[in-house]
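Protein chains in written order, with our numbering: chain A, 1 to 238; chain B, 1001 to 1043.
Working notes for the structure below.
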Amino acid sequence: MHRLANPTRFLKFARPLTILFGIIGTFLVSVGIYGGLFVTPPDYLQGESVRILYIHVPAAMLSTIGWAGIAVASIVQLVWRHPLAGVAARACAVPGAMFTVICLATGSIWGRPTWGTWWEWDGRMTSVLVLLFLYIGYMALASSNEDRASVSRATAIFGIVGAVNIPIIKGSVEWWNTLHQGRSITMTSSKIAPELLWPLGFTMIGFSLLFGAIVLMRMRATLAEAKVEARMRRLVTE
Amino acid sequence: MNHWPFVTAAYVLAIIATLGVTGWSLITMRRAEKAVDDMKGDR
């Protein structure tokens, strides 16, 4: 990890990876969406609305992965003072928030024909809404930092403390009696029929790669902006 | 109830949001890296 602490070395990896993640991610998401919309059969109970699964589930997964990324990068920043950790944490915030919005919106749209309501203040929905507020708070805190290539100690601590919401989101469907269904997919098994399941693999991996591409692009932008600012500061003082 | 309007709305929203944030990040990155290249050229 410390090998990548040098921004020049990091950029050598980041440039080809950004393109690779972007192209493969777009291809996989396109195949998954096509399969989910036009190839898979409707569900015997939910009908056509089950197709929302192929975007809602990856968005839900990436909303929590985004915050986990912020928390891990914040720990790395505070403990090892890795120079790119703050940049990485900051770069995870926007795509993480975006996938949280997609998760909430698609869940709400799915809820109307399935449950008969757009919204319910149950454990899962409320904890994901709290996650969105945490992202907004994190972005506000991070943007108040003068140094672009880092986040303040308070922002990093906020990123770590906010991670307490992740097990609450995961456990919410088991701890409380909620409208939201329990877990359908685990690492080893699935309750979803295979003919309905396959596009989900494409969209989950595809959206994950796009998430990675966005994080890399935002990290590269931050590093470049920091370089220009440092140069400007030097020019002013000379 | 016809479910297709709900399915379409969900997909359109997800695609627009993903394309929007990807495009925004790409433009920001290109602009920032171009500024670095211009700065190197000025030296």
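Backbone N, C-alpha and C define an ideal beta-carbon position, used for all residues, glycine too.
Partner residues on chain B for residue i, Cβ-Cβ distance less than 8 Å
i, result
"residue 49 of chain A", "1003, 1006, 1007"
"residue 220 of chain A", "1029, 1032, 1033"
"residue 228 of chain A", "1032, 1035, 1036, 1039"
"residue 70 of chain A", "Ordered by position in chain B, no residue passes the 8 Å Cβ test against residue 70 of chain A, which lies about 16 Å from the chain."
"residue 225 of chain A", "1032, 1035"
Partner residues on chain A for residue i, Cβ-Cβ distance less than 8 Å
i, result
"residue 1012 of chain B", "Per Cβ cutoff of 8 Å: no residues; residue 1012 of chain B is ~10 Å from chain A at best."
Nearest candidate by alpha-carbon position, reference residue i, set the options
i, options, result
"residue 1037 of chain B", "A:231, A:236, A:171, A:235", "A:231"
"residue 185 of chain A", "A:64, A:194, A:108", "A:194"
"residue 223 of chain A", "A:167, A:147, A:161", "A:147"
"residue 137 of chain A", "A:161, A:119, A:105", "A:161"
"residue 156 of chain A", "A:173, A:166, A:141, A:167", "A:141"
"residue 98 of chain A", "B:1041, B:1008, B:1018", "B:1018"
"residue 38 of chain A", "A:46, A:54, A:45, A:23", "A:54"
"residue 43 of chain A", "A:182, A:114, A:229, A:166", "A:114"
"residue 33 of chain A", "A:46, A:16, A:51", "A:51"
"residue 163 of chain A", "A:210, A:111, A:67, A:121", "A:67"
"residue 217 of chain A", "B:1028, B:1039, B:1041, B:1015", "B:1028"
"residue 1041 of chain B", "A:8, A:133, A:228", "A:228"
"residue 117 of chain A", "A:124, A:109, A:123", "A:109"
Interface residues of chain B facing residue i [CB-CB closer than 7 Å]
i, result
"residue 214 of chain A", "1021, 1022, 1025"
"residue 217 of chain A", "1025, 1026, 1029"
"residue 196 of chain A", "Result: empty, since nearest Cβ-Cβ is about 14 Å, beyond 7 Å."
"residue 210 of chain A", "1018, 1022"
"residue 55 of chain A", "1010, 1011, 1014"
"residue 231 of chain A", "1039"
Partners in chain B for residue i, counting only beta-carbon separations shorter than 9 Å
i, result
"residue 239 of chain A", "Any answer about residue 239 of chain A is impossible in this case: the structure gives chain A only from 1 up to 238."
(request) Would you list, in chain order, the members of the stretch 84-106 of chain A that have their beta-carbon closer than 7 Å to a beta-carbon of chain B? (result) Taking 7 Å as the Cβ-Cβ cut-off, the stretch 84-106 of chain A approaches chain B at 94, 95, 98, 101, 102, 105, 106, given in chain order.
(message) Using a Cβ-Cβ cutoff of 8 Å, what residues of the stretch 105-136 of chain A are near chain B? List them in chain order.
(response) Residues 105, 106, 109, 110, 112, 113.
(message) Could you tell me which whole alpha helix (DSSP H) segments of length 4 or greater appear in the stretch 148-230 of chain A?
(response) Entirely contained in the stretch 148-230 of chain A, the alpha helix (DSSP H) runs reaching 4 residues are, in chain order, 153-161, 165-175.
(message) Runs of 4 residues minimum, wholly inside the stretch 19-82 of chain A: which ones carry the alpha helix (DSSP H) assignment?
(response) Correct list: 53-80.
(request) Go through the stretch 99-148 of chain A residue by residue and report every complete run of the alpha helix (DSSP H) that reaches 4 residues or more, in order. (result) Note on the stretch 99-148 of chain A: whole alpha helix (DSSP H) runs with a minimum of 4 residues are 123-143, in chain order.
(request) Could you tell me whether the stretch 82-96 of chain A touches the stretch 42-60 of chain A, using the rule of 3 or more Cβ pairs below 8 Å? (result) As far as the Cβ criterion goes, the stretch 82-96 of chain A does not touch the stretch 42-60 of chain A, which means the pair count is below three.
(message) Taking 8 Å as the cut-off, does the stretch 28-43 of chain A touch the stretch 187-203 of chain A (at least 3 CB pairs, one atom from each stretch)?
(response) Touching, yes.
(request) Report yes or no: do the stretch 1023-1042 of chain B and the stretch 213-228 of chain A share at least 3 C-beta pairs separated by less than 8 Å? (result) Yes: at least three Cβ pairs fall under 8 Å.
(request) Answer yes if the stretch 66-84 of chain A comes into contact with the stretch 170-181 of chain A, meaning at least three C-beta pairs across the two stretches below 8 Å, and no otherwise. (result) Result no; under three Cβ-Cβ pairs closer than 8 Å.
(message) Give me the subset of the stretch 27-42 of chain A whose CB atoms are less than 9 Å from a CB atom of chain B, sorted by chain position.
(response) Cβ contacts with chain B: 29, 33, 36, 37, 42.
(message) I want to know whether the stretch 1001-1011 of chain B touches the stretch 118-138 of chain A - three or more CB-CB distances under 8 Å.
(response) No, the stretch 1001-1011 of chain B does not touch the stretch 118-138 of chain A.
(request) Using a Cβ-Cβ cut-off of less than 8 Å, list which residues of the stretch 57-68 of chain A approach chain B; keep chain order. (result) So the list reads 59, given in the order they occur along the chain.
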